[in-house]
Amino acid sequence: MTKYLVNPLPYDNSNPNLILDYAKKLKGKTFEDILSADPNLTEDEKDRIRTKYNNPKYKWSFWNLIEESYFFYKKNNDSEADFPEAWVELKVSPYFDNEWKIRGKERISLTMINFNADYNKTFEESHIYDKCSLLLLIFYLYKKEQKKMDYIMNYIDLFQFPEEDFEILKSDYNIIIEKIKRGEAHLLSEWDTKYLWACRKWQKTKKWTTTITTQPFSNEPAKTRAFCLKVPYVTSILNRYIINNKHTYWNIIKDLDILKKTTLEEYVLSKLKLHYWEDADELLLKYWINPKRKDRYAALANIWIRDIFNINKEDIIDEFEKANIEVKTVRLDSKWKPCEAMSFPAFKYLEIIDQKFEESDLYDLFANQKFLLIVYKYDDTKNLKFEKAMFWNIPILDIEWPIKDFREETVKRIKSGKYNNLPKESENMIMHVRPHAWKSSDTFTTPDWKSATKKCFWFNKSYIQEQIEKGGN
DNA sequence: GCATGATCATGC
DNA sequence: GCATGATCATGC
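In my numbering, the protein residues as written are 1 to 473.
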C-alpha cells in the first residue's frame with residue numbers, strides 16, 4: 001500500500017490533470033529547492049540525501065526524491081502505479097540542450113522484466129500496457145559541470161503513447177519475449193528493437209548478486225533487465241509532444257492494420273522496391289537538386305523517399321525519428337565496389353581521449369542509430385541507377401572486438417601526440433580516420449594544446465561492400 | 001588505380 | 001559560422 005507522508009496532500013491525486021497542475025509548479029526549480037522545503041526531514045537526513053545524489057560515482061534516479069519530498073508518498077509495492085487512483089506513473093529524466101537541439105540523455109525505464117514469469121504474457125497483459133499507459137514526465141536539464149542537486153526541472157507534462165506507436169512497441173516487446181523463449185535472455189541487446197528495449201539494470205548501484213538472475217529456457221545466468229524506452233524515442237517525445245517544436249511529423253504507416261500484418265522495415269522496402277532501376281541523375285533534375293553539391297544523392301534519397309510516402313520534403317518522418325533511422329547513401333561502381341568510404345561526424349580530440357568505449361560517441365552512434373542504406377550503382381553505360389535499399393545495423397560482434405580495438409588505437413595515438421598519423425584505410429579491416437573539415441585550417445585543439453584538422457571515423461569501402469553483400473536486416 | 005588528404009553546397 | 005553528408009583532387 002502507498003503511504004502518504006503529509007495530511008492533507010497539497011494536490012488532488014485522483015485526477016491526472018490536477019496532478020499535472022501541481023507538478024507544473026516544479027518548472028524552474030532545482031532538486032535542492034525541493035529537498036530543502038521538505039517538512040518531514042531533519043537537517044541530518046537532508047544532508048545524507050544531498051551527499052548521495054551529488055556523488056558523481058553513482059547515478060541515482062531523482063524519481064525517489066520527487067516522490068517523497070514533493071508528492072509526499074512512499075510506495076512499498078513496485079507493481080502498483082505511482083498515483084494509483086489516477087493511474088499515472090511518474091518518470092523523472094535528464095535531457096541535453098546544446099543550443100542546436102534538445103535531446104533526451106537517458107532511456108526511460110518502464111518496468112522490470114521477470115524472465116521466469118513474463119515470457120508467456122502478451123503485450124496487452126504486460127506491465128508496460130497496464131502500468132505505463134499514462135506517464136507524468138519531468139525532464140531536468142543535465143549539465144556536466146554542475147552539482148546534480150542543482151539541476152533544474154524544465155519540461156513537465158503528461159504523456160500517453162500515441163496509437164500509431166503501439167504496434168511498433170508491441171513488435172519490439174514480442175522480439176524481446178521471443179528471445180527469452182529461445183533461452184537467449186543473456187544475449188538481449190539494444191540492437192534488436194526500435195522504440196523499446198531490455199536494458200541492464202542496477203549495474204552500478206546494487207550489489208553484484210542482484211544484477212544477475214535466472215532465465216526459464218537456459219541455464220545461462222542473465223543480467224537483470226527492465227523494459228525501457230530507447231533514448232531516440234525519449235528525444236522524440238520531448239521535441240514532438242512536450243516542447244511542441246515547429247516541425248510537422250508524418251507517419252509512413254498511417255493505417256494501423258498494415259502494421260499488424262507486416263513490420264515497418266518490410267513495408268518500407270516493399271514500396272521502395274517498385275523504384276529500383278530509376279536513374280539517379282534524372283531524379284536530380286526532377287527534384288531540382290543542384291548537381292554540384294557533394295551530398296546530392298543523399299539529398300535526393302531524402303526527398304525521394306518522402307515523395308514515395310507522400311510526405312512534404314521539409315517534414316519529419318515520425319517512425320524514422322523515433323527509431324533514429326538515418327538515411328545513408330552508397331554508390332557502387334560497375335564492379336559492385338563502393339566509390340567512397342562512409343563518413344560520420346567529426347570528433348573532438350580532447351573529448352575522445354576521456355571517453356571509455358562504452359560511453360563514447362562512436363558506441364552511442366552504433367547502439368542508438370539504425371541505417372536505411374540507399375544503394376546506387378553505375379551500370380555498363382555509366383548511368384547511376386537506384387540498385388536497392390536495405391535496413392542495416394552494425395553487427396554486434398564487429399563492435400565488441402575490431403571496432404573497440406580500432407578506437408582504442410586511435411585514442412592511444414592522439415594521447416601520444418600522433419594525431420596526424422591515425423589509423424588509415426590500409427591498416428584496419430573496418431574503419432579508418434580521415435579529415436572531415438571545410439578547410440584544412442578548420443581545426444580542433446589537441447591534448448598537447450596545439451591544433452589539428454578536424455577528423456572523423458570512416459567505414460572502409462571494403463567493409464561497406466561486405467555488409468551490402470550480406471544484405472542487411 | 002586507389003588511398004589519402006582536401007574541400008564543397010547547404011541548412012540551421 | 002560551423003556541422004553535415006558527402007565527393008573531389010592529388011600523389012604514390
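Ideal Cβ positions, reconstructed from N, Cα and C, are used throughout, including at glycine.
Please read all numbers here as calculations on a predicted model, not as lab measurements.
> Which residues bound the beta strand (DSSP E) around N13?
Replying inline: Here N13 belongs to no beta strand (DSSP E), and DSSP marks it neither H nor E.
> What do you reckon, are the CB atoms on K179 and L188 nearer than 8 Å?
Replying inline: yes
> Distance, Cα to Cα, A323 vs D44?
Replying inline: 45 Å
> How is V6 classed by DSSP in three states: helix, strand or coil?
Replying inline: coil
> Would DSSP call R434 helix, strand or coil?
Replying inline: strand
>> Give me, in chain order, the residues of the same chain whose beta-carbon lies closer than 7 Å to that of I175; leave out the 5 immediate sequence neighbours on both sides.
In response: D192, T193
> E314: buried (16+ other C-beta within 10 angstroms of its C-beta) or exposed?
Replying inline: exposed
> Unbroken beta strand (DSSP E) runs of length 3 or more, entirely within the stretch 311 to 349: which are they?
Replying inline: 325 to 332, 342 to 347
> With distances taken from CA atoms, which of A81, F83, N64 is nearest V92?
Replying inline: N64
>> On the DSSP letters alone, give me the boundaries of the alpha helix (DSSP H) that S61 sits inside.
In response: Here S61 belongs to no alpha helix (DSSP H), and DSSP marks it neither H nor E.
> At a cut of 8 Å, does the stretch 346 to 358 reach the stretch 436 to 446 through at least three beta carbon pairs?
Replying inline: yes
> Can you check whether the CB of D12 is closer than 8 Å to the CB of L5?
Replying inline: no
>> Classify R28: buried if its beta carbon has 16 or more other beta carbons within 10 angstroms, exposed otherwise.
In response: Note on identity: in this sequence residue 28 is Gly, with Arg being the wrong assignment. Classification of G28: exposed, given that the 10 Å Cβ count is below 16.
>> Beta-carbon within less than 7 Å of A301's beta-carbon, same chain only, minus the 5 sequence neighbours each way: which residues are those?
In response: V327, T329, I374
> Roughly how many whole angstroms lie between the Cα atoms of M153 and D257?
Replying inline: 39 Å
> Nearest-angstrom Cα distance between M390 and G471?
Replying inline: 7 Å
> Excluding five sequence neighbours on each side, which residues of the same chain lie with their C-beta closer than 6 Å to the C-beta of A299?
Replying inline: I289
>> According to DSSP, simplified to helix, strand and coil, what is D97?
In response: strand
> In terms of residues, what are the limits of the beta strand (DSSP E) holding F406?
Replying inline: Premise fails: F406 lies in the alpha helix (DSSP H), 404 to 415, not in any beta strand (DSSP E).
>> My output table needs one value for Q467: the three-state DSSP class, helix, strand or coil.
In response: helix
> Is the stretch 164 to 171 touching the stretch 239 to 257 in the sense that three or more CB pairs, one from each, lie closer than 8 Å?
Replying inline: yes
> Along the chain, where does the alpha helix (DSSP H) that runs through R296 open and close?
Replying inline: 296 to 308
>> Beta-carbon within less than 6 Å of R434's beta-carbon, same chain only, minus the 5 sequence neighbours each way: which residues are those?
In response: W458
>> So R50 and L26 are supposed to be a Cβ contact under 8 Å. How far apart are they, rounded?
In response: The pair is not a contact, with the Cβ atoms about 18 Å apart (cut-off 8 Å).
> Hey, quick one: how far does the beta strand (DSSP E) through F457 stretch, first residue to last?
Replying inline: 455 to 459
> Do you know whose CA, among M429, K388, S451, M431, lies nearest K418's CA?
Replying inline: S451
> What did DSSP end up calling Y376 once you bin it into helix, strand or coil?
Replying inline: strand
> Between the C-alpha atoms of A81 and Y22, what's the straight-line distance to the nearest angstrom?
Replying inline: 18 Å
> Which stretch, first to last residue, makes up the beta strand (DSSP E) that contains K147?
Replying inline: Note, K147: premise wrong, no beta strand (DSSP E); not H, not E.
> Are the CB atoms of L272 and I308 nearer to each other than 8 Å?
Replying inline: yes
> What is the DSSP secondary structure of K418, reduced to helix, strand or coil?
Replying inline: coil
> Under the DSSP definition of a beta bridge, which residues are partnered with S462?
Replying inline: According to DSSP, S462 bridges with nothing at all.
> From what residue to what residue does the alpha helix (DSSP H) around F217 run?
Replying inline: Per DSSP, F217 belongs to no alpha helix (DSSP H) and is neither H nor E.
> Can you tell me where the beta strand (DSSP E) with A481 in it begins and where it stops?
Replying inline: Outside the displayed range of the chain (1 to 473) lies residue 481, so it cannot be described from this structure.
>> Looking only at its chain, what residues have a beta carbon closer than 6 Å to the beta carbon of K399, apart from the 5 residues adjacent to it on each side?
In response: Per the sequence shown, residue 399 should be read as Ile rather than Lys. Once the five neighbours on either side are set aside, the close Cβ partners of I399 are F366.
> For I113, which option in Y233, T214, Y142, L264 has the closest C-alpha, if you only look at C-alpha atoms?
Replying inline: T214
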